[in-house]
Amino acid sequence: MPVWTPGSYLVREFSKSVERFEATASGKQLPVIKTNKNNWSISKGKAEKIIVTYWVYAYEFSVRTSFVDAEQALINPSSICMMAQGMENVAGTIGINLPGNYTKISTALPKNTEGYFVFQHYDELADSPLQLGNHEEWDFEVRGVPHKVAMVGINNADKTRFLKDLKTVCETMTDIVGVHPCKKYLFIVQNVEAGGGGLEHLNSTVVVMNRLNWKDEGKYKSFLGLCAHEYFHLWNVKRIRPIELGPFNYHAENYTEQLWVAEGITSYYDELAMLRAGFVKPMQFIATLEGYINDLENRPGSKIQTLSQSSHDAWIKEYRPNENSKNTSISYYAKGLVVAALLDAKISAATNGKKNLDDLMKMLWTRYYIDKKRGFTSTEFEAAATEVAGTELKPFFDKHVRSLDIPDYQNILGDAGLTINVKTEKRQSSGMTTASENGKTIVKYVESGMPAWISGVNVNDELIAINGFRVNNDADDLLKKLSYPALSKLMVCRGGILKELNFTYAPAGRFSLSLGFEKEKITPSLEKWLGKIN
Ligand SMILES: [Zn+2]
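Laid out in structure tokens, this is it:
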């Protein structure tokens, strides 16, 4: 039984949900030994055909797990289907007995004439979720490839508008590499009370939307962005991929320093797609990029963890965040997006507007997916980028991927034709985040280097009063009303014991970068990067 599901870099121990396991040959029980947490060994003797039967509890709703109830079943085979060791490359079929009230099965797997779903190898099975239930199925086409939406759960979607917009999104993403890799494609859209996220697969995706958010313009557009993201993974990661991400080892962590390529570049393209598809204006896209840059540079973890380290340690950091994560780590999604934007701008400027990141994706597609039929090492990725840009990019990757240095925003974005203004703003903040719990003000996060950190405030402290004034989940507001005293007495309760802390306050600095462009000075590189601007 796999311990993880590709695309979601965390050991989830799916074997924890296996309840019973038995093997028989000609109706007789065979001896079974469980050899470790997720492996069963069967003594088959001389038997040529054996039948293995096992039960799996499936009641964890997420895009990476399996969930079954009276209404529907979302099956992620990596969390349900065991593999026979040594037979991972053998083709097989799945038969499904639907409960009486279920009427439909949606999956990207093809069906044979006997009504069984067919897979060529375990990887294909693991990468093909199945949606069972009474959902609606909507059809559309992208560049001649049939697409289906399995619309699960009650929702307030406008079907006509969604299918039109989704088609535009899919066409925009297809045009990046220019070749569609699928015979057919399936979006499984899970409409839920609250939640979000998605997971990419070989010929399908599962995406989650709040069932009543479809009429909210902002939330609708961010859902289209999520669809764009998962859809672009069809190319980037499912086919154009870091060498470590396939064939997968389903029994342990699969380490790579290139998750930023898989997720950062994809996140960048999901934002860029909104611009290319006409859902946002150039200035909105530039403001989004500005937001990502400012968030990154003001996150303490950006001085501690590099992009390659963040990729490598996804298994224990990104997927296992705690109250200190922002202080010591970055997200390879967010910094990866920023570095992808810088790379796109760099290529565009270096070629004077003749090439951009699309050309790198095309080169990786042809060279590694089509010709070599394998993934690439980071050296190969960087060499391909150098070739497209026509200038040595190793120093770019050394600085932005493997060092803690602040990216070269001014030069790179300036050369590509943007105007940049960087300054340090005064920031009045205690540096702690609190929440109100049963009327108590509880500290949830303490930012390293900030006044609360320096004064010894801990996560889980209950804040009671500042200089005798009661705190009601409003410590920063109270400090402001008290005119930010340089030294105050902070009453906290820690582990049931009252404590008075000397709270030392001083304003901090905040990195602030703003971007724009001059309408009279649109360069060919800027248009190659961001498309027609005027
Ligand atoms: Zn992704």
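For the working numbering, add 43 to where a residue sits in the sequence shown, where the first one is 1. The C-beta atom is built at its ideal place from N, Cα and C for all residues, glycine as well. Here the structure is a predicted model, which is why all the values come from computation and not from measurement.
Test item: CB-CB of residue i and residue j under 8 Å
{"i": "L522", "j": "Y488", "result": "no"}
{"i": "T96", "j": "E56", "result": "no"}
{"i": "I509", "j": "F546", "result": "yes"}
{"i": "W278", "j": "S354", "result": "no"}
{"i": "L339", "j": "A377", "result": "yes"}
{"i": "V188", "j": "H223", "result": "yes"}
{"i": "G307", "j": "V220", "result": "no"}
{"i": "T248", "j": "F275", "result": "no"}
{"i": "T477", "j": "N503", "result": "no"}
{"i": "G241", "j": "L206", "result": "no"}
{"i": "V46", "j": "V54", "result": "yes"}
{"i": "S472", "j": "A529", "result": "no"}
{"i": "K264", "j": "M216", "result": "no"}
Straight-line Cα distance separating residue j from residue i
{"i": "K483", "j": "L461", "result": "47 Å"}
{"i": "K210", "j": "L525", "result": "55 Å"}
{"i": "V106", "j": "N119", "result": "8 Å"}
{"i": "A68", "j": "S121", "result": "26 Å"}
{"i": "K469", "j": "Y52", "result": "38 Å"}
{"i": "M126", "j": "A295", "result": "15 Å"}
{"i": "F554", "j": "W257", "result": "35 Å"}
{"i": "T409", "j": "G457", "result": "31 Å"}
{"i": "K562", "j": "D441", "result": "34 Å"}
{"i": "V212", "j": "L267", "result": "7 Å"}
{"i": "L386", "j": "A305", "result": "14 Å"}
{"i": "G14", "j": "E490", "result": "For the chain, the structure presents residues 44 to 577; residue 14 sits outside this window and is missing."}
{"i": "K124", "j": "Q163", "result": "This sequence places Cys at residue 124; Lys is not what is there. The alpha-carbon atoms of C124 and Q163 are separated by roughly 15 Å."}
{"i": "Y452", "j": "V500", "result": "35 Å"}
{"i": "L380", "j": "I540", "result": "45 Å"}
{"i": "S531", "j": "M475", "result": "16 Å"}
{"i": "L569", "j": "L315", "result": "13 Å"}
{"i": "N481", "j": "G511", "result": "21 Å"}
{"i": "P153", "j": "F183", "result": "18 Å"}
{"i": "R513", "j": "G492", "result": "25 Å"}
{"i": "M404", "j": "P285", "result": "13 Å"}
{"i": "E131", "j": "Y165", "result": "5 Å"}
{"i": "V111", "j": "E103", "result": "8 Å"}
{"i": "Q352", "j": "A151", "result": "35 Å"}
Proximity test, residue i beta-carbon vs ligand 1 heavy atom, cut-off 7 Å
{"i": "T309", "result": "yes"}
{"i": "E243", "result": "yes"}
{"i": "H443", "result": "no"}
{"i": "H272", "result": "yes"}
{"i": "H178", "result": "no"}
{"i": "H355", "result": "no"}
{"i": "E306", "result": "yes"}
{"i": "H276", "result": "yes"}
Beta bridge counterpart(s) of residue i as assigned by DSSP
{"i": "H190", "result": "F183, Y228"}
{"i": "G176", "result": "Q115, K147"}
{"i": "L152", "result": "According to DSSP, L152 bridges with nothing at all."}
{"i": "E243", "result": "T248"}
{"i": "F110", "result": "Y102, L117"}
{"i": "R513", "result": "A508"}
{"i": "Y488", "result": "T476"}
{"i": "Y97", "result": "F64"}
{"i": "Y308", "result": "Residue identity differs from the one stated: residue 308 is Ile in this sequence, not Tyr. BP columns for I308 are empty, so no partner."}
{"i": "P285", "result": "F419"}
{"i": "I137", "result": "F160"}
{"i": "T462", "result": "G559"}
{"i": "N631", "result": "This structure leaves residue 631 out entirely; the chain is present only between 44 and 577."}
{"i": "M534", "result": "A508, E543"}
{"i": "A580", "result": "Absent from the model: residue 580. The displayed extent of the chain is 44 to 577, so no value can be given."}
{"i": "N234", "result": "M252"}
Cβ of residue i within 8 Å of any chain B Cβ
{"i": "A549", "result": "In the displayed structure, chain B is absent; only one protein chain is listed."}
If you pair each beta-carbon of the segment 220–237 with each one of the segment 251–261, do three or more pairs fall below 8 Å? yes
Count the CB pairs spanning the segment 144–151 and the segment 88–103 that are closer than 8 Å, and state whether there are at least three. no
Cβ contact (3+ pairs, closer than 8 Å) linking the segment 369–380 and the segment 341–349: yes
Is the segment 415–435 touching the segment 393–401, taking contact as three or more C-beta pairs under 8 Å? yes
Can at least three beta-carbon pairs, one atom from the segment 173–182 and one from the segment 195–209, be found at a separation below 8 Å? yes
Mind the definition here: the segment 98–115 touches the segment 76–89 only if three or more C-beta pairs lie below 8 Å; say whether that holds. no
Do the segment 418–429 and the segment 305–323 make contact, defined as three or more Cβ pairs closer than 8 Å? no
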